[in-house]
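For the sequence shown, position 316 matches number 316 in UniProt numbering, and the numbering has no gaps at all. All C-beta atoms, glycine included, are put in the ideal place defined by N, C-alpha and C.
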Amino acid sequence: MGVIMESSKTLTMNMVTISGVEKGVEVTSGNLTVNGGTMTDVGMGIRMLGKGTLKISGGTRITVKDGVGNYGIGVGGMVTANITGAMITGSGSGTGKGVWMDGTGEMKMNNVQISDVAMGVEATGGNLTISGNSTITFNNGAGNYGVRVGREVTARLTDVRIVGTGSGTGGNGEGSKGVEVSMGSSKTMTMTDVTISGVEKGVLMNGTGTLRMTKVDISGVKMGVEATAGRLEISGHSRIMFNNGADNYGVKVKNGVTMATLTSVTIAGTSGNGEGSKGVWMEGKTLEMTNVDVLNVGVGVEAKKGGTLTIKEGKIGFKKDYGIGVWGTATATITGTTITGEGKGKGVYATGVGEVTLTMTGVNISNVAMGIEATAGTLTIKGGEIGFKDGRDNYGIGVGKSVTLATVTGTTITGEGSGTGVLMMETKMMRLDGVTISNVGEGVWVKGRLEMNNGSITVTGNGVKGYGMGVYVGKEATANISGTMIRGAGMGSKGVVMNGKTLGMSGVNISNVAVGVEVTKGILAMKGGSIGFMGEYGVSLKEGGVAFLGGVKIEGNGTGKTGIKLNGGMIDMFGTNIRDVHKGMSIENGIVRMFGGEIGFTKDYGVSLNQGGFCFFRRGHYQGKWNRKNRYQA
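(1) Closest to Ile-481 by CA distance: which of Gly-434, Arg-593 and Gly-522 is it?
(2) Looking at the structure shown, is Ala-514 part of a helix, part of a strand, or coil, going by DSSP?
(3) In terms of residue numbering, what span does the beta strand (DSSP E) encompassing Trp-327 cover?
(4) Cutting at 6 Å between CB atoms, please list the residues of its own chain near Ser-197, excluding the five before and the five after it.
(5) Which same chain residues end up closer than 6 Å to Ile-413 when comparing Cβ atoms and leaving out the 5 residues on each side of it in sequence?
(6) Buried or exposed: Val-68, going by 16 or more other Cβ atoms within 10 Å of its Cβ?
(7) Just confirm the distance between the C-beta atoms of Gly-488 and Asn-462, as a whole number of angstroms; I'd bet it's less than 8 Å.
(8) Should the stretch 244 to 252 be regarded as contacting the stretch 178 to 194, the criterion being three or more beta carbon pairs within less than 8 Å?
(9) Going straight from the alpha carbon of Gly-126 to that of Met-259, what length do you get?
(10) Considering just the uninterrupted stretch of the beta strand (DSSP E) at Gly-600, what are its terminal residues?
(11) For Ile-114, I'd like the list of residues in its chain whose CB is within less than 6 Å of its CB, leaving aside the five on either flank, ordered along the chain.
(12) What's the call for Asp-393, buried or exposed, on a 16-neighbour Cβ count within 10 Å?
(13) Could you please give me the residues that DSSP links to Ser-540 through a beta bridge?
(14) Between Gly-72 and Val-64, how many whole angstroms is the CB-CB distance? I'm expecting something under 8 Å.
(15) So what's Glu-302 in DSSP terms, helix, strand or just coil?
(16) With 16 as the cutoff for other CB atoms within 10 Å, does Met-594 come out buried or exposed?
(17) What three-state label does DSSP hand residue 644 in the structure shown?
(18) If we require 4 or more residues per run, which alpha helix (DSSP H) segments fall completely within the stretch 365 to 418?
(19) Just mark Ala-514 as buried or exposed, buried being the case when its beta carbon has 16 or more other beta carbons within 10 Å.
(20) Using a Cβ-Cβ cut-off of 7 Å (strictly less than) and excluding sequence neighbours within five positions of Thr-17, which residues of its own chain qualify?
(21) Any idea what DSSP makes of Asn-255, helix, strand or coil?
(22) What did DSSP end up calling His-237 once you bin it into helix, strand or coil?
(23) How many angstroms separate the CA atom of Tyr-632 from the CA atom of Leu-423?
(24) Which residues in the same chain have their Cβ closer than 6 Å to the Cβ of Arg-212, if we skip the five residues on either side of it in sequence?
(25) Flag this pair as yes or no: are the beta carbons of Thr-10 and Gly-30 separated by less than 8 Å?
(26) Are the CB atoms of Gly-300 and Gly-279 within a distance shorter than 8 Å?
(27) Would you mind stating whether Gly-563 and Gly-569 have Cβ atoms separated by less than 8 Å?
(28) Among the residues of its own chain, which have a CB less than 6 Å from the CB of Arg-431, if the five just before and after it don't count?
(29) Buried or exposed: which applies to Lys-319, given that a residue is buried once 16 or more other Cβ atoms fall within 10 Å of its Cβ?
(30) With DSSP as the reference, label Val-16 as helix, strand or coil.
(31) Quick check: the Cα distance between Thr-404 and Lys-305, rounded to an integer number of angstroms?
(32) Tell me whether Lys-465 is buried or exposed, calling it buried when 16 or more other Cβ atoms sit within 10 Å of its Cβ.
(33) Distance check for Leu-566 and Lys-542, CA to CA, integer angstroms please.
(34) Which residue comes first and which comes last in the beta strand (DSSP E) that contains Lys-97?
(35) At the level of alpha carbons, what is the spacing between residue 653 and Trp-100?
(36) In the DSSP output, which residue or residues are listed as bridge partners for Asp-572?
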């Protein structure tokens, strides 16, 4: 034993040297002041219990012997401790502890240097403050840490550097943590201007209290911050840099966390191709992200097991699967965020067996294979831009059969020549208002129920059927399109292909296509608008389809062959004009009734009737070469 004090008086030690003992100084009652001096090769440097004041200053140096349970400074009870400028160093394998604190007292550490220990600072009770350019360097290994804060502690770390050294038990700092927090619900830990590096996990929060991190820098870790309970707040331009790899992440929020907020934070994966890594991993109740940048990761943000996710502004750059993934019964609201891929994966992915709710406003997505995919729940998109890469199976927005309602308003979708702008797979209801789709092989593929208003579709390449088309209405589908412009890719492309139940079009203008509208099944009702084609026909019906055309302009522009081609079914035309075509109508089988309107043809004939019927009603106008063959062929 070096020095032992059991009275309630005050002991002052100036420049005292102690070495080779189990305990350097032990105080069970009274006050202790240590100014300078050294303690070397001790099991416990200073141990103070009871009630009193401990003051350490003047560059005091303590070297702790190797051994579990050994420490440099330990206080308990109701002790108030102020430690300034001290240096605590472990020896041997560095299995000791720098500072230990228990009880209900208070400890303040300023400009304290701790190194070569297994555990830097542990507080199980009281109030702890570490500040003033303090540095804690500890040896990596399972269960090792820089700072550990227990259930009954209120703690504040300011201007502190925590570093793990060595590879640990399994390499790469396995099992080590920079800061471990287990506070109770009434306690708070604040970290400001703290740097953590070289450990497996930067911060672990598993208490029910509140952890606030401001201007924190975490780097060289496998996992940045994990919160399993309580409340987590990260802000102030904090930075979390973690190594990419399977199951690695920047921030993980588990389901015991009541609330997590990230504001002005940068999270980035380093090295590797991002395989298996996640920037933000949410399993909690509520996560709010504002102006957070998540970069160079496999998955940007993932929300599973329900909860509410809110993302405002910020950037997400991902390398593999998706930028944002929303699962189960989660609710996600994303506003003003930029999502960028590396030519593959999905910008946003919403799926699961529950009622997922995804709302996006002003979100810009680029350099992805698929912009947005929702397989369940509800989807709402307002504004923003979606740019996706060239590829037959790629698309801007894809919605599945378990989606009950999808609404897209004022969004711009741009491909690279192939792929589909909007892909509906038996969706119950989808509305597209003011949506612009361009540079695609297919504009909208409909299976389900679609309403599209005041949009535009520009096709420049071929789709999955080998030709480009503006809109495809599949089996059992229903679509209503109004005020929309559809422009094809010229020869070989089609404006609208109808193979569903009903298709209503009002004020739809179709141009630069080989085929305007092709109906193989169901009912087509088209009011107003125009069809400008250059190939086989303007409107084609076969296999028993029914069409109603009111006030439609069908124009062949001198190269279009047949205005209307009917091979089964019936067409009623009201005030519909066919102009500048080689042939007005070709009726192989079926019935055409024409109420007003005109037929203007340039070559073969106005109407060719093989089997079925054709009738003019009221004021029909028929213009072509004046001979019997051209006026009527049967």
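In brief:
(1) Position 481 of the sequence shown, counting from 1, holds the residue named residue 481. Closest option to Ile-481, Cα to Cα, is Gly-434.
(2) To locate residue 514, count along the sequence shown from 1; it is residue 514. In this structure, Ala-514 counts as strand in the three-state DSSP scheme.
(3) Within the sequence shown, residue 327 is the residue found at index 327, counting from 1. Judged by DSSP secondary structure, Trp-327 falls outside any beta strand (DSSP E); it is assigned neither H nor E.
(4) Here the question's residue 197 lines up with position 197 in the sequence shown. Result list for Ser-197: Val-163, Ser-219 and Gly-220, in chain order.
(5) Residue 413 sits at position 413 when you count from the first residue of the sequence shown. Excluding five sequence positions before and after Ile-413, the CB atoms of its chain that fall closer than 6 Å to its own CB belong to Ile-386, Gly-396, Gly-421 and Ile-437, given in chain order.
(6) In the sequence shown, the residue the question calls residue 68 occupies position 68. Result: exposed.
(7) Numbered from its first residue, the sequence shown carries residue 488 at position 488. Numbered from its first residue, the sequence shown carries residue 462 at position 462. Contact doesn't hold; Cβ gap of about 11 Å is too wide.
(8) no
(9) For the purposes of this step, residue 126 is taken as the residue at position 126 of the sequence shown. For the purposes of this step, residue 259 is taken as the residue at position 259 of the sequence shown. So the alpha carbons of these two residues sit roughly 25 Å apart.
(10) The sequence position of residue 600 within the sequence shown is 600, counting from 1. Unbroken beta strand (DSSP E) run through Gly-600: 598 to 609.
(11) Sequence index remark: in the sequence shown, residue 114 carries index 114 (1-based). Excluding residues within five positions, the ones whose Cβ falls inside 6 Å are Ile-88, Gly-98, Gly-120 and Ile-136.
(12) Taking the first residue of the sequence shown as 1, we reach residue 393 at position 393. Its Cβ having fewer than 16 others within 10 Å, Asp-393 is exposed.
(13) Taking the sequence shown and counting its residues from 1, the one referred to as residue 540 is at position 540. According to DSSP, which records beta bridges pairwise, Ser-540 is partnered with Glu-518 and Lys-565.
(14) By one-based count along the sequence shown, residue 72 stands at place 72. By one-based count along the sequence shown, residue 64 stands at place 64. Contact holds; Cβ gap of about 5 Å.
(15) Counting from 1 along the sequence shown, the entry for residue 302 is found at position 302. Looking at Glu-302 - three-state DSSP - the assignment turns out to be strand.
(16) The residue you call residue 594 lines up with position 594 of the sequence shown. Buried.
(17) As shown, the chain starts at 1 and ends at 634. That puts residue 644 outside it, with no answer to give.
(18) none
(19) Here residue 514 refers to the residue found at position 514 of the sequence shown. By the neighbour-count rule (16 or more Cβ atoms within 10 Å), Ala-514 is buried.
(20) One-based indexing of the sequence shown puts residue 17 at position 17. Closer than 7 Å at the Cβ level, and outside the excluded window around Thr-17, lie Gly-37 and Thr-38.
(21) Indexing the sequence shown from 1 puts residue 255 at position 255. Secondary structure of Asn-255 (DSSP, three-state): strand.
(22) What you label residue 237 is simply residue 237 of the sequence shown in a count that begins at 1. The three-state reading of DSSP puts His-237 in coil, since its state is none of H, G, I, E or B.
(23) As a first step, residue 632 is located in the sequence shown; it is residue number 632 there, counting from the start. As a first step, residue 423 is located in the sequence shown; it is residue number 423 there, counting from the start. Summary for Tyr-632: the model assigns pLDDT 39, below 50, so the residue's position carries little reliability; its value from the coordinates is reported in the next sentence. Cα-Cα distance, rounded: 43 Å.
(24) Here residue 212 refers to the residue found at position 212 when the sequence shown is read from its first residue. Answer for Arg-212: Thr-190 and Glu-233, listed in chain order.
(25) For the purposes of this step, residue 10 is taken as the residue at position 10 of the sequence shown. For the purposes of this step, residue 30 is taken as the residue at position 30 of the sequence shown. Closer than 8 Å, so yes.
(26) Walking along the sequence shown from the start, residue 279 turns up at place 279. Walking along the sequence shown from the start, residue 300 turns up at place 300. Their beta carbons are under 8 Å apart, which means Gly-279 touches Gly-300 by this criterion.
(27) Start at 1 with the first residue of the sequence shown, and residue 563 comes out as number 563. Start at 1 with the first residue of the sequence shown, and residue 569 comes out as number 569. No, these two residues do not count as a Cβ contact at 8 Å.
(28) Your numbering for residue 431 matches position 431 in the sequence shown. The residues are Thr-407 and Glu-451.
(29) Taking the sequence shown and counting its residues from 1, one reaches residue 319 at position 319. Buried, because 16 or more other Cβ atoms sit within 10 Å of the Cβ of Lys-319.
(30) As a working mapping, residue 16 is identified with position 16 in the sequence shown. Residue state, collapsed to three classes: coil.
(31) As a first step, residue 404 must be located in the sequence shown, where it is residue number 404. As a first step, residue 305 must be located in the sequence shown, where it is residue number 305. Going from the Cα of Thr-404 to the Cα of Lys-305 covers about 20 Å.
(32) The residue given as residue 465 occupies position 465 in the sequence shown. Exposed: under 16 other Cβ atoms inside 10 Å.
(33) The count along the sequence shown starts at 1 and reaches residue 542 at position 542. The count along the sequence shown starts at 1 and reaches residue 566 at position 566. Lys-542 and Leu-566: Cα-Cα distance of roughly 6 Å.
(34) Reading the sequence shown from its first residue, position 97 is the one you call residue 97. Its beta strand (DSSP E) spans residues 97 to 101.
(35) Summary: the structure shown does not reach residue 653, with the chain confined to residues 1 through 634, and so no result is reported for it.
(36) Along the sequence shown, read from residue 1 onward, the residue named residue 572 stands at position 572. Looking at the DSSP assignment, Asp-572 forms a beta bridge with Phe-548 and Arg-593.
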